[in-house]
């Protein structure tokens, strides 16, 4: 799990936009790039080689629910 302070400092390596923690806490999501970056042993893998593409329709399933 990535702590809130660390998450606030991280950006997508492609778009330089903010990342969001996935609903299950295992990935960081770049909504702008439609990419998910894995978190392994508490360390975000922010390499484009490590990222997986997220289809537009699947984006909502990966993001946490608010409220």
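Residue numbers (the working numbering): 5 to 71. Yeah, the Cβ is synthetic: ideal placement off N, Cα and C, and Gly gets one too.
Review point. Which value, in whole angstroms, describes the spacing of the CA atoms of residue 36 and residue 46?
Key: Working through the chain shown from its first residue, we reach residue 36 at position 32. Working through the chain shown from its first residue, we reach residue 46 at position 42. For residue 36 and residue 46, the distance between alpha carbons rounds to 23 Å.
Review point. Rounded to a whole number of angstroms, what is the C-alpha to C-alpha distance between residue 15 and residue 24?
Key: As a position in the chain shown, residue 15 is number 11, starting the count at 1. As a position in the chain shown, residue 24 is number 20, starting the count at 1. For residue 15 and residue 24, the distance between alpha carbons rounds to 9 Å.
Check your understanding: Mapping DSSP to helix, strand and coil, what is residue 10?
Key -> Stepping through the chain shown from its first residue, residue 10 is reached at position 6. Helix.
Check your understanding: Cβ of residue 29 within 7 Å of Cβ of residue 5?
Key -> Start at 1 with the first residue of the chain shown, and residue 29 comes out as number 25. Start at 1 with the first residue of the chain shown, and residue 5 comes out as number 1. Yes.
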